[in-house]
Amino acid sequence: MGAINPHIGTNSSFAEAMPAYQADQWATHLQEVCGEFETISHDWSKFRGAIDLRNIGGFDVAGIAMNADRVIRSRKQIEKSDNKYCFLILQLSGRSILSQRNNEAHLQPGDMALIDSAYPSEFKYDGFMQQISLHIPRATLESFLPYRRIQEARRISGRAGMGAVTKEFLTSTYTEAAHIGEPDYNTVREVLLNLLGATLRGYSPDQVLDQKSRQMANIRKVIEQKLTDPGLTPSMVAELCGLSIRHLHRLFQAEGASCGEWIRLRRLNEARQQLADRRYADQNIIQIAFHWGFNDAAHFSRAFKQEFGLSPRQYRLTEGH
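Number 321 marks the last residue of the sequence shown (the UniProt record's numbering); no jumps.
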């Protein structure tokens, strides 16, 4: 496969991304990278497309270049593939319209939008285009978002302010992905998620965060920073955030879960991702559990099975192939 030019810019030419996949190869490779999608072209004899998969901060990120008319994801396709991810789409060149849940995002070069893999979606293109698609587990993304709410198919401008900072960071980490080692994954991941969360504060329903929302955003940030610490407790969170334990519990009541439950679920989700990730095949289940703050293997196994319906060992055998 011919890779997308690693120094993609908004003026990259068609020739820089090609040669790559022909029509008969495209569907297979798109599915391998992004899951079940259908590509529609009015003239397959002239179709050209390229996909370049990289890893930044432990997240998959795909560079996509093609001249198709549309890409769709139907309910039937959702049922056949993993739907736990959200895609942060960054338009590099060309124009596109992203549609999901009665929303439409009209993207010019530099614009971004979020798409949730759990819902039907449609991507329309005006000629040749290039995009970056960052794949983020939904639970991870929600923990960094205002109101824990994903606003699908809403245009996020990358021309100024935090949007521009997020766009530049995503573009530069994509370009330098081959030179970012695993010891730096957590740093890159945290910076990226915090930048995205800060960017989206300007796109919240009320356009500003009230005091409670700001406090919850800070609490979630502290929890993420300390998630691997086995000593992390609601009392520690309250102290680090400068809040009383009573006020902390009141804030979480509005979220529908206690602080302790939130910490447990975040740890379980992170452990689940590593169990399914072949990069961690050399780590046993106990090592992964202890890394994410659990200090009792039996308790971890019970909690994991209660949450996901399978024991950690069964889950790894099923998902970690």
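Each residue gets a CB set at the ideal place from its N, CA and C atoms; glycine is no exception.
Remember, it's a predicted structure, so these values are computed and weren't measured experimentally.
DSSP three-state call for P137: helix, strand or coil? Strand at P137.
Classification of Q130 by the beta-carbon crowding that lies within 10 angstroms, buried from 16 upward: Q130 is buried by the Cβ-count criterion.
On the DSSP bridge assignment, give the partners of R73 in chain order. DSSP lists S121 as the bridge partner or partners of R73.
Have a look at D184 and D43 and give me their C-alpha separation to the nearest angstrom. Rounded to whole angstroms, D184 and D43 show a C-alpha spacing of 44 Å.
For R54, the residue or residues it bridges with in DSSP: For R54, which the question treats as bridged, DSSP gives the partners V61.
Exposure of G127, with buried meaning 16 or more beta-carbon neighbours within 10 Å: Flag for G127 reads exposed.
Whole angstroms are fine: how far does the CA of F87 sit from the CA of H135? So the two alpha carbons sit approximately 5 Å from each other.
For the region 246-260 and the region 295-302, state whether three or more C-beta atom pairs, one from each stretch, are separated by less than 8 Å. Touching, no, given that fewer than three Cβ pairs across the two stretches are closer than 8 Å.
Return the chain-ordered list of same chain residues with a C-beta closer than 7 Å to the C-beta of A289, the five sequence neighbours on each side being excluded. The answer, listed in chain order, is A271, A297 and F300.
In the DSSP assignment, find the unbroken alpha helix (DSSP H) run with Y21 in it and report its ends. Boundaries for Y21: no alpha helix (DSSP H) harbours it, and the DSSP string shows neither H nor E there.
For I263, which residues in the same chain have their Cβ closer than 7 Å to its Cβ, ignoring the five residues on either side in sequence? Same-chain partners within the cutoff: I223 and L232.
Who are the near neighbours of Q100 in its chain, counting only those whose CB is closer than 8 Å to its CB and skipping five residues on each side? Counting only Cβ-Cβ distances below 8 Å, and skipping sequence neighbours, we find I115, D116, Y119, P120, S121, E122, E152 and A153.
Cβ shell of R159 (< 7 Å), same chain only, five flanking positions each side left out: Its chain contains G110 as the residues whose beta carbon lies nearer than 7 Å to that of R159, once the 5 sequence neighbours on both sides are disregarded; these appear in chain order.
Please classify V188 as buried or exposed, where buried requires at least 16 other C-beta atoms within 10 Å of its C-beta. Classification of V188: buried, given that the 10 Å Cβ count is 16 or more.
Any idea if Q211 is buried or exposed, counting beta-carbon neighbours within 10 angstroms, 16 or more meaning buried? Exposed: under 16 other Cβ atoms inside 10 Å.
Measuring CA to CA, which of H291, L265 and A139 is closest to E307? Of the candidates H291, L265 and A139, the one whose C-alpha sits nearest the C-alpha of E307 is L265.
Could you check what DSSP says for F144 in three-state terms: helix, strand or coil? F144: coil per DSSP, three-state reduction.
Reduced DSSP category for T39 - H, G, I as helix; E, B as strand; rest coil: Reduced to three states, the DSSP call for T39 is strand.
Report, in whole angstroms, the separation of the C-beta atoms of R73 and A113, which I expect to be a contact under 8 Å. Actually they are not in contact, since the Cβ atoms of R73 and A113 sit about 14 Å apart, beyond 8 Å.
Which residue wins for smallest C-alpha separation from K124, given the options R54, T166, T39 and G63? Answer by Cα proximity: T39.
Using the Cα positions of E176 and H247, report the straight-line distance between them to the nearest angstrom. Spanning the two alpha carbons is a distance of roughly 43 Å.
Are F37 and A68 close, meaning C-beta to C-beta below 8 Å? Contact flag unset, no.
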